[in-house]
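Trainee: This is the structure I want to talk about, given as structure tokens.
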Amino acid sequence: MQGKAIKYGDNIDTDVIIPARYLNTSDPQELAQHCMEDLDKEFKNKVQEGDILVVGENFGSGSSREHAPIAIKASGISCIIAKSFARIFFRNAINIGLPILECKEAVDGIEEGDIVLVDTDNGIIKNLSKGTQFKAQPFPDFIKEIMKYGGLINYVREKV
Numbered sequence: 673m674q675g676k677a678i679k680y681g682d683n684i685d686t687d688v689i690i691p692a693r694y695l696n697t698s699d700p701q702e703l704a705q706h707c708m709e710d711l712d713k714e715f716k717n718k719v720q721e722g723d724i725l726v727v728g729e730n731f732g733s734g735s736s737r738e739h740a741p742i743a744i745k746a747s748g749i750s751c752i753i754a755k756s757f758a759r760i761f762f763r764n765a766i767n768i769g770l771p772i773l774e775c776k777e778a779v780d781g782i783e784e785g786d787i788v789l790v791d792t793d794n795g796i797i798k799n800l801s802k803g804t805q806f807k808a809q810p811f812p813d814f815i816k817e818i819m820k821y822g823g824l825i826n827y828v829r830e831k832v
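Residues 673 to 832 (the working numbering) make up the sequence shown, in order.
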């Protein structure tokens, strides 16, 4: 995956990712129209297909709604790099096939607008704008398989 970095700080909860007032739909494209709007009104306009979301600590805390990673994925974000994820957000992202990596050094070494290349299979994050490279923990094989199929439901459909 390669894209432009869109960067935010710590403790971004699911109510910020997709405000509760929009949870009357589960349509991914409708959710994407409101993704991050309470944090950044321009988010939906600045994201281009394939961009990389770079965030701080405790990303996705709050409720267990799967709408949050769905909205992010539908907005065009191809991967999220964080210092840390809330446990339920981490699981929901895997379940819908949204690649996520934890790497504090990468978050500190990437600035808004940098071009980032991510190899989730090996946990390699390259900041092409600065010529730097970081190593995150790659996914275990079973999560790689889920990602390969685009999420848990597709994986189960194929494997069962």
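C-beta: ideal position from N, C-alpha, C; glycine also.
In or out: N794 buried (at least 16 other Cβ within 10 Å) or exposed?
Mentor: As a working note, residue 794 is residue 122 in the sequence shown. Exposed, by the Cβ-count rule.
Trainee: Looking at the secondary structure, which residues open and close the beta strand (DSSP E) in which L703 lies?
Mentor: As a position in the sequence shown, residue 703 is number 31, starting the count at 1. From DSSP, L703 is part of no beta strand (DSSP E) but of the alpha helix (DSSP H) over 700 to 704.
Trainee: Could you check if D682 belongs to the surroundings of the ligand MN, using beta carbon to heavy atom distance under 6 Å?
Mentor: This structure lacks the ligand MN, and indeed carries no ligand of any kind.
Trainee: Output yes or no for whether 7 Å exceeds the beta carbon distance between V726 and V790.
Mentor: Stepping through the sequence shown from its first residue, residue 726 is reached at position 54. Stepping through the sequence shown from its first residue, residue 790 is reached at position 118. No.
Trainee: If I768 and K745 are in contact, beta carbons under 8 Å, what's the gap, nearest whole angstrom?
Mentor: The sequence position of residue 768 within the sequence shown is 96, counting from 1. The sequence position of residue 745 within the sequence shown is 73, counting from 1. Yes, they are in contact, since the Cβ atoms of I768 and K745 sit about 6 Å apart, within 8 Å.
Trainee: Give me the Cα-Cα distance between N826 and L770, rounded to the nearest whole angstrom.
Mentor: The residue labelled residue 826 in the question sits at position 154 within the sequence shown. The residue labelled residue 770 in the question sits at position 98 within the sequence shown. Approximately 13 Å between the Cα atoms of the pair.
Trainee: Got a sec, what are the start and stop residues for the beta strand (DSSP E) L773 sits in?
Mentor: Reading the sequence shown from its first residue, position 101 is the one you call residue 773. Element bounds for L773: 772 to 774.
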